[in-house]
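Undergrad:
4 protein chains.
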Amino acid sequence: MQKITILIHCKDRPNIIATVTNFIAQKDGNIVYIDQHVDREQNIFFMRLESEFTKESFSADVFRDAFKNTLAEAFDMKWRIYSSARKPKMALFISKYDHCLYDLLGRYNSGELNLEIPFIISNHLDLKPIADSFKIPFFHVPVTKDTKKEAEQKQLELLEEYQIDFIVLARYMQIISPKLIERYPNKIINIHHSFLPAFVGAKPYHSAFKRGVKIIGATSHYVTEELDAGPIIDQGVTRVSHSHSIEDLIAKGRDLEKIVLANAVKLHTNRKVMVYNNKTVIFS
Amino acid sequence: MQKITILIHCKDRPNIIATVTNFIAQKDGNIVYIDQHVDREQNIFFMRLESEFTKESFSADVFRDAFKNTLAEAFDMKWRIYSSARKPKMALFISKYDHCLYDLLGRYNSGELNLEIPFIISNHLDLKPIADSFKIPFFHVPVTKDTKKEAEQKQLELLEEYQIDFIVLARYMQIISPKLIERYPNKIINIHHSFLPAFVGAKPYHSAFKRGVKIIGATSHYVTEELDAGPIIDQGVTRVSHSHSIEDLIAKGRDLEKIVLANAVKLHTNRKVMVYNNKTVIFS
Amino acid sequence: MQKITILIHCKDRPNIIATVTNFIAQKDGNIVYIDQHVDREQNIFFMRLESEFTKESFSADVFRDAFKNTLAEAFDMKWRIYSSARKPKMALFISKYDHCLYDLLGRYNSGELNLEIPFIISNHLDLKPIADSFKIPFFHVPVTKDTKKEAEQKQLELLEEYQIDFIVLARYMQIISPKLIERYPNKIINIHHSFLPAFVGAKPYHSAFKRGVKIIGATSHYVTEELDAGPIIDQGVTRVSHSHSIEDLIAKGRDLEKIVLANAVKLHTNRKVMVYNNKTVIFS
Amino acid sequence: MQKITILIHCKDRPNIIATVTNFIAQKDGNIVYIDQHVDREQNIFFMRLESEFTKESFSADVFRDAFKNTLAEAFDMKWRIYSSARKPKMALFISKYDHCLYDLLGRYNSGELNLEIPFIISNHLDLKPIADSFKIPFFHVPVTKDTKKEAEQKQLELLEEYQIDFIVLARYMQIISPKLIERYPNKIINIHHSFLPAFVGAKPYHSAFKRGVKIIGATSHYVTEELDAGPIIDQGVTRVSHSHSIEDLIAKGRDLEKIVLANAVKLHTNRKVMVYNNKTVIFS
Chain A
1 MQKITILIHC
11 KDRPNIIATV
21 TNFIAQKDGN
31 IVYIDQHVDR
41 EQNIFFMRLE
51 SEFTKESFSA
61 DVFRDAFKNT
71 LAEAFDMKWR
81 IYSSARKPKM
91 ALFISKYDHC
101 LYDLLGRYNS
111 GELNLEIPFI
121 ISNHLDLKPI
131 ADSFKIPFFH
141 VPVTKDTKKE
151 AEQKQLELLE
161 EYQIDFIVLA
171 RYMQIISPKL
181 IERYPNKIIN
191 IHHSFLPAFV
201 GAKPYHSAFK
211 RGVKIIGATS
221 HYVTEELDAG
231 PIIDQGVTRV
241 SHSHSIEDLI
251 AKGRDLEKIV
261 LANAVKLHTN
271 RKVMVYNNKT
281 VIFS
Chain B
1 MQKITILIHC
11 KDRPNIIATV
21 TNFIAQKDGN
31 IVYIDQHVDR
41 EQNIFFMRLE
51 SEFTKESFSA
61 DVFRDAFKNT
71 LAEAFDMKWR
81 IYSSARKPKM
91 ALFISKYDHC
101 LYDLLGRYNS
111 GELNLEIPFI
121 ISNHLDLKPI
131 ADSFKIPFFH
141 VPVTKDTKKE
151 AEQKQLELLE
161 EYQIDFIVLA
171 RYMQIISPKL
181 IERYPNKIIN
191 IHHSFLPAFV
201 GAKPYHSAFK
211 RGVKIIGATS
221 HYVTEELDAG
231 PIIDQGVTRV
241 SHSHSIEDLI
251 AKGRDLEKIV
261 LANAVKLHTN
271 RKVMVYNNKT
281 VIFS
Chain C
1 MQKITILIHC
11 KDRPNIIATV
21 TNFIAQKDGN
31 IVYIDQHVDR
41 EQNIFFMRLE
51 SEFTKESFSA
61 DVFRDAFKNT
71 LAEAFDMKWR
81 IYSSARKPKM
91 ALFISKYDHC
101 LYDLLGRYNS
111 GELNLEIPFI
121 ISNHLDLKPI
131 ADSFKIPFFH
141 VPVTKDTKKE
151 AEQKQLELLE
161 EYQIDFIVLA
171 RYMQIISPKL
181 IERYPNKIIN
191 IHHSFLPAFV
201 GAKPYHSAFK
211 RGVKIIGATS
221 HYVTEELDAG
231 PIIDQGVTRV
241 SHSHSIEDLI
251 AKGRDLEKIV
261 LANAVKLHTN
271 RKVMVYNNKT
281 VIFS
Chain D
1 MQKITILIHC
11 KDRPNIIATV
21 TNFIAQKDGN
31 IVYIDQHVDR
41 EQNIFFMRLE
51 SEFTKESFSA
61 DVFRDAFKNT
71 LAEAFDMKWR
81 IYSSARKPKM
91 ALFISKYDHC
101 LYDLLGRYNS
111 GELNLEIPFI
121 ISNHLDLKPI
131 ADSFKIPFFH
141 VPVTKDTKKE
151 AEQKQLELLE
161 EYQIDFIVLA
171 RYMQIISPKL
181 IERYPNKIIN
191 IHHSFLPAFV
201 GAKPYHSAFK
211 RGVKIIGATS
221 HYVTEELDAG
231 PIIDQGVTRV
241 SHSHSIEDLI
251 AKGRDLEKIV
261 LANAVKLHTN
271 RKVMVYNNKT
281 VIFS
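Protein chains in written order, with UniProt numbering: chain A, 1 to 284; chain B, 1 to 284; chain C, 1 to 284; chain D, 1 to 284.
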């Protein structure tokens, strides 16, 4: 049996659902999940389907072609079709903070994540021992003003060589270059340590402390060229009070960051995220 | 244009979705919402559809018959079909607590609720002035050991006379009789002032205080014969601490009760709740 | 018996707590509540005490003088002393939205709020029937470009005449003049319908929708001259998703606004808020 | 400089606060934190103080004796005095689940926890590699029906030998013997994977799924002889829906368990928990 996940979006018009479900029935697929959303402001239709195919003769590639030539063109769809056969490959970019790294590697080792981690890249050597203890290849790619270009080149080569599907910035403290973003559109996940759009940029916990907010947050989002302004995948919050110092905010924030980033990784690898207009549709 | 909402559940088997969506397309309906759920433990399939019909000649009754005779029987479905034409009628049962009453009537007056309130029943006269100030008919139906039977009879007559669709117990402090429950199955909504199944029965805030919990809750559920054990529609929680007295818990709980009960009323009237096995499926 | 609440802040230095508690013991007071906070960044000390005095001869005025002449001057304190004898008087300013109004008046009638509401001011007549049904005096003070000055004068006169202690803007849709703010410093409570500092200004739900946030919020704060930038008293949040329209956000937001504003009113009237550096200390 | 933390509880009566703060001032201590709570139901007074002593001649032992002989006896106090000099020693008991273990060791390595972990005990060998990779001594103490007594003896010896202050059961799947509980009263912290008192005992996620709750929780508590009935330290909750399978509940629950257990460990080691009447007072 093969399981196929289909993500579609296109201009809304009548009969899309019936046509797509009919098409799958004709191919002897059984729909085990369907969810849809319509953005009434923009008149855009979104759908996520999971379908099981039990026939020996089923070929995901043949199905993909048929889907493209009939449905996708007729409805002018943007679409992606994933087979359950292949696990997505994730590259981890880190710097000196270890909490998200520990959290993701702990989940990975426990079998909680449906993915592979071919390697970790860091611009510092500090966290290499953690990568080692989890037996994940670690590449030190330092980034300075002068070596920026070479560093980026090195990163691209590694990503290519290991056939990486998406990148997770686990508190990686360097700006990602436009070239990398362009190469991995909506495939670079960042964790920002504030409740965006509040406190964009550096030192958000300091800003939150100064403003005297009563709730702090963390936001996972896809990286776009504008800093901290990409499509939001998940957000989490927790209460704070006047009695919390900046250090307390940072410590409480770490727990948010870990969970909000892990959620984003799971949603992404389970093919539950669709991006449009710098926003996300998150299917259940 | 007419809008039809269809709720279905039946044994899971292949091609239900394609068959139903195809049926609607044949009747010239446009599906504007579809969501489905499969309980894998029990192998039960659930679906909720909203469909728009623009043809002058469309008749909800004819559609209902066709659906019944073809689909429903073939798949052995339990199903309900609602037309947007008719607003559900809600009877409010109250006693002496006024917070849920104020909340629901405030929302009703603001136009937030898609329903009608033909009358309020209370076993006490205390809150009559509130009903009067909102200009809702108020019936005083006292309940004592000796008058229980007559009271129930009176309630049933009023519900019948005003063609009530569902009942909301807004902190109504009397046990509902089996006869009434049988007459309105999954149509009587109660608000219980605890995070069920913790603290079933009377005085849950006192029990919560005694146990020293750090979070309290409220639960809206359909009334069944077993006390506080019916299908849960919604739950809400809030943090408490050792510094809160029982009175503080009661005050904090009031805010939970208001919101959790209002949510249940909205979900019910928007046809987003399906009940099976003493549990609910809540569609988005 | 009289109950006195004391709020103090001053530069932090040794022995403040011992000196103050000693002073109260000398005056035969029994401390029933004490809490303190030190802002280590700014080196400021905050304290809140509740003390009971049972002697017939106790006079709050005499106590206040003694406190001022000995402690307050010695430690260069900013301080306030409240007697439980007097209930604070709150003026409600409203426009056309009724949800916060219904909520506050419902709580008021239920006896949940420790305050008096001498009157309601509105720049529109729409909500007068609600004020009438709750039997609260209603003053219509329209505000147009040309009548702004007179309107403000009228407001000030009413506030003066009724000896108002603090003002609550329950979705009042006019900018408060600097003169009014100056006259009631940290005594005007506003509810802003976003998670500040995100989405300052008009139409925050529209902005939240556009940005695609996964959580929305509401913020109660004291009004200062800079729009939506005053000291935050309380904040609340709730999850939203892509499936929520702007209207859904507005509806969900109403529940937040009601609770977050009511919390601020309770904290203010229970003398649990201290303001400094455009932030608040909120005692438990 | 030495920092002393004092925890007190006793029958409530006038002038306790003034007397204690005065005593500390006489010993040249500067109170940097004070918080108090009175349980009005039981008439019990609780206080937590932090005080700094800068004099060279200050001795914690001398202070402790003076406190005992004057204050503690006069007010019939239960009290504890901790010096900041000594870090508490925590023993970790585990079985086969690794998520809480990864989480605590990650925090420990990051320097987030103010404690030492002399060793880990497990009744299985499965997680030894994790202990090894974090370089923490690991003792395998299998527990079977027949070896229960010896296992307990072995545990007690290890706890004694390493001068353990408190024990954390990080999803340890064995019942703790009364002897161990008696030896470490309010010093054994357990994480239960439900929102207690709902779903006491085994398989709470299965019970939660069956009951159809809309929110699940986790509870950290001190272990007492009655199963899952000890004083609650912290609780956390998260929303679930009909779409979540039991496996989903377990996965979501893991995140709760990690945070709620880590919070309990921090509160305990920061001396912020007082226990009485099977409840806790948690200071800020």
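Quick reminder that beta carbons are idealized off the backbone N, C-alpha and C, glycines included.
Give, in chain order, every residue of the segment 102-118 of chain D whose Cβ lies closer than 9 angstroms to some Cβ of chain A.
TA: Listed in sequence order: Y102, D103, L105, G106, R107, N109, S110 and E112.
Undergrad: Hey, how far is the Cα of A:D132 from the Cα of D:I233?
TA: Residue numbering aside, residue 132 of chain A sits at position 132 when the first sequence is read from its first letter. Residue numbering aside, residue 233 of chain D sits at position 233 when the fourth sequence is read from its first letter. When rounded, the distance between both Cα atoms is 36 angstroms.
Undergrad: Below 8 angstroms on the Cβ atoms is my guess for D:F67 versus D:I81; work out the distance and round it to an integer in Å.
TA: For the purposes of this step, residue 67 of chain D is taken as residue 67 along the fourth sequence, with counting starting at 1. For the purposes of this step, residue 81 of chain D is taken as residue 81 along the fourth sequence, with counting starting at 1. D:F67 to D:I81, Cβ: 6 angstroms. Contact.
Undergrad: Among B:N278, B:T269 and B:L159, whose alpha-carbon lies nearest the alpha-carbon of B:S83?
TA: One-based indexing of the second sequence puts residue 83 of chain B at position 83. The shortest Cα separation from B:S83 among B:N278, B:T269 and B:L159 belongs to B:T269.
Undergrad: Which two residues bound the contiguous alpha helix (DSSP H) that contains A:S122?
TA: Within the first sequence, the letter at position 122 stands for residue 122 of chain A. Where A:S122 is concerned, there is no enclosing alpha helix (DSSP H), although the beta strand (DSSP E) it sits in stretches over E116 to S122.
Undergrad: Output needed in chain order: residues of the segment 46-75 of chain D with a Cβ under 8 angstroms from some Cβ in chain A.
TA: Hits within the stretch: zero.
Undergrad: Compare the Cα-Cα distances from A:D255 to each of A:H192, A:V200, A:V275 and A:I136 and report the closest residue.
TA: In the first sequence, the residue the question calls residue 255 of chain A occupies position 255. Residue A:H192 is the option with its Cα nearest to A:D255.
Undergrad: Residues of the segment 227-253 of chain D in Cβ contact with chain A at a cutoff of 7 angstroms, in chain order, please.
TA: Residues S243 and A251.
Undergrad: Return the residue from the list A:A198, A:H99, A:M1 and A:K187 that minimises the CA-CA distance to D:L113.
TA: Here the question's residue 113 of chain D lines up with position 113 in the fourth sequence. Minimum Cα distance to D:L113 is reached at A:H99.
Undergrad: Could you give the C-beta distance for D:N22 and C:A85, rounded to a whole number, given that I count them as a contact under 8 angstroms?
TA: The count along the fourth sequence starts at 1 and reaches residue 22 of chain D at position 22. The count along the third sequence starts at 1 and reaches residue 85 of chain C at position 85. Not a contact, Cβ separation roughly 30 angstroms.
Undergrad: Should D:R271 be flagged as near chain B, meaning a C-beta pair shorter than 8 angstroms?
TA: Counted from its first residue, the fourth sequence places residue 271 of chain D at position 271. No, its Cβ sits nowhere closer than 8 angstroms to a Cβ of chain B.
Undergrad: So, C:D103 versus C:A208, is the Cβ gap smaller than 8 angstroms?
TA: Along the third sequence, read from residue 1 onward, the residue named residue 103 of chain C stands at position 103. Along the third sequence, read from residue 1 onward, the residue named residue 208 of chain C stands at position 208. No, these two residues do not count as a Cβ contact at 8 angstroms.
Undergrad: If C:V273 and C:D228 are in contact, beta carbons under 8 angstroms, what's the gap, nearest whole angstrom?
TA: Numbered from 1 along the third sequence, position 273 holds the residue referred to as residue 273 of chain C. Numbered from 1 along the third sequence, position 228 holds the residue referred to as residue 228 of chain C. Wrong, their Cβ atoms sit about 18 angstroms apart, outside the cutoff.
Undergrad: Straight-line CA distance for A:I181 to D:T147?
TA: Your numbering for residue 181 of chain A matches position 181 in the first sequence. Your numbering for residue 147 of chain D matches position 147 in the fourth sequence. Rounded to whole angstroms, A:I181 to D:T147 spans 60 angstroms at the Cα level.
Undergrad: Which residues, in chain order, does the segment 22-41 of chain D contribute to contact with chain B at a C-beta distance below 9 angstroms?
TA: Answer in chain order: H37, D39, R40 and E41.
Undergrad: I need the straight-line Cα distance from D:D248 to D:A74, nearest angstrom please.
TA: Position 248 of the fourth sequence holds residue 248 of chain D. Position 74 of the fourth sequence holds residue 74 of chain D. Taking the straight line joining both Cα atoms gives about 56 angstroms.
Undergrad: For B:V32, does the three-state DSSP call read helix, strand or coil?
TA: Locating residue 32 of chain B in the second sequence gives position 32, where the first residue counts as 1. Correct three-state label for B:V32: strand.
Undergrad: Taking the Cβ atom as the reference point for each residue, do B:V260 and B:T219 lie within a distance shorter than 8 angstroms?
TA: Mapped onto the second sequence, residue 260 of chain B falls at position 260. Mapped onto the second sequence, residue 219 of chain B falls at position 219. Yes, Cβ-Cβ distance for B:V260 and B:T219 is below 8 angstroms.
Undergrad: Quick one: what does DSSP say B:H242 is sitting in, helix, strand or coil?
TA: Locating residue 242 of chain B in the second sequence gives position 242, where the first residue counts as 1. It is coil, neither helix nor strand.
Undergrad: With C:F139 as the anchor, note down where its beta strand (DSSP E) starts and where it stops.
TA: Taking the first residue of the third sequence as position 1, residue 139 of chain C is located at position 139. First-last of the beta strand (DSSP E) with C:F139: F138 to H140.
Undergrad: Grab the span of the alpha helix (DSSP H) containing B:S110 for me, first residue to last.
TA: Locating residue 110 of chain B in the second sequence gives position 110, counting from the first residue. First-last of the alpha helix (DSSP H) with B:S110: H99 to S110.
Undergrad: Any idea if D:M1 is buried or exposed, counting beta-carbon neighbours within 10 angstroms, 16 or more meaning buried?
TA: As a first step, residue 1 of chain D is located in the fourth sequence; it is residue number 1 there, counting from the start. Under this definition D:M1 is an exposed residue.
Undergrad: For B:Y33 and B:V20, what's the separation of their Cα atoms in angstroms?
TA: The sequence position of residue 33 of chain B within the second sequence is 33, counting from 1. The sequence position of residue 20 of chain B within the second sequence is 20, counting from 1. Taking the straight line from one Cα to the other gives about 13 angstroms.
Undergrad: For D:F195, return the contacting residues in chain B, with the cut-off set at a CB-CB distance below 9 angstroms.
TA: Numbered from its first residue, the fourth sequence carries residue 195 of chain D at position 195. F195, A198, V213, I215, G217 and V237, listed in chain order.
Undergrad: Return the first residue and the last residue of the beta strand (DSSP E) that D:V273 is part of.
TA: The residue labelled residue 273 of chain D in the question sits at position 273 within the fourth sequence. Looking at the DSSP string, the run of the beta strand (DSSP E) that includes D:V273 is V273 to Y276.
Undergrad: With B:Q174 as the anchor, note down where its beta strand (DSSP E) starts and where it stops.
TA: As a position in the second sequence, residue 174 of chain B is number 174, starting the count at 1. Looking at the DSSP string, B:Q174 is not in any beta strand (DSSP E), and its letter there is neither H nor E.
Undergrad: Kindly indicate the opening and closing residues of the alpha helix (DSSP H) around B:A85.
TA: In the second sequence, the residue the question calls residue 85 of chain B occupies position 85. First-last for B:A85: undefined, no H or E at that position.
Undergrad: Along the chain, where does the beta strand (DSSP E) containing A:N190 start, and where does it finish?
TA: Counted from its first residue, the first sequence places residue 190 of chain A at position 190. Where A:N190 is concerned, the enclosing beta strand (DSSP E) stretches over I188 to H192.
Undergrad: Counting only Cβ pairs nearer than 8 angstroms, list the residues of chain C close to B:H9.
TA: Numbered from 1 along the second sequence, position 9 holds the residue referred to as residue 9 of chain B. Going along chain C, no residue has its Cβ under 8 angstroms from B:H9, so there is no contact; the nearest lies around 22 angstroms.
Undergrad: Under 7 angstroms Cβ to Cβ from B:K258, same chain only, skipping five residues before and after it: list those, please.
TA: Start at 1 with the first residue of the second sequence, and residue 258 of chain B comes out as number 258. Closer than 7 angstroms at Cβ, skipping near neighbours: H99, C100 and D103.
Undergrad: Excluding the five sequence neighbours on either side, which residues of its own chain have a C-beta within less than 6 angstroms of the C-beta of B:W79, listed in chain order?
TA: Against the second sequence, residue 79 of chain B aligns to sequence position 79. The answer, listed in chain order, is I8 and A72.
Undergrad: Can you grab the Cα-Cα spacing for the pair D:V141 / B:I282, in whole Å?
TA: Locating residue 141 of chain D in the fourth sequence gives position 141, where the first residue counts as 1. Locating residue 282 of chain B in the second sequence gives position 282, where the first residue counts as 1. Whole-angstrom Cα-Cα distance: 47 angstroms.
Undergrad: Determine whether the Cβ of A:V281 lies closer than 8 angstroms to any Cβ atom of chain C.
TA: Here residue 281 of chain A refers to the residue found at position 281 when the first sequence is read from its first residue. With 8 angstroms as the cut-off, A:V281 counts as an interface residue toward chain C.
Undergrad: For C:S57, does the three-state DSSP call read helix, strand or coil?
TA: Taking the third sequence and counting its residues from 1, one reaches residue 57 of chain C at position 57. Coil at C:S57, not helix or strand.
Undergrad: Can you list, in chain order, the residues of its chain with a C-beta nearer than 6 angstroms to that of A:G230? Leave out the 5 residues immediately preceding and following it.
TA: For this step, residue 230 of chain A is matched to residue 230 along the first sequence. Once the five neighbours on either side are set aside, the close Cβ partners of A:G230 are H221, Y222, V223 and T224.
Undergrad: Measure from the alpha carbon of D:I4 to the alpha carbon of each residue in D:E41, D:P14, D:R64 and D:Q42, then state which is nearest.
TA: On the fourth sequence, position 4 is the one that residue 4 of chain D refers to. Among D:E41, D:P14, D:R64 and D:Q42, the Cα nearest to that of D:I4 is on D:R64.
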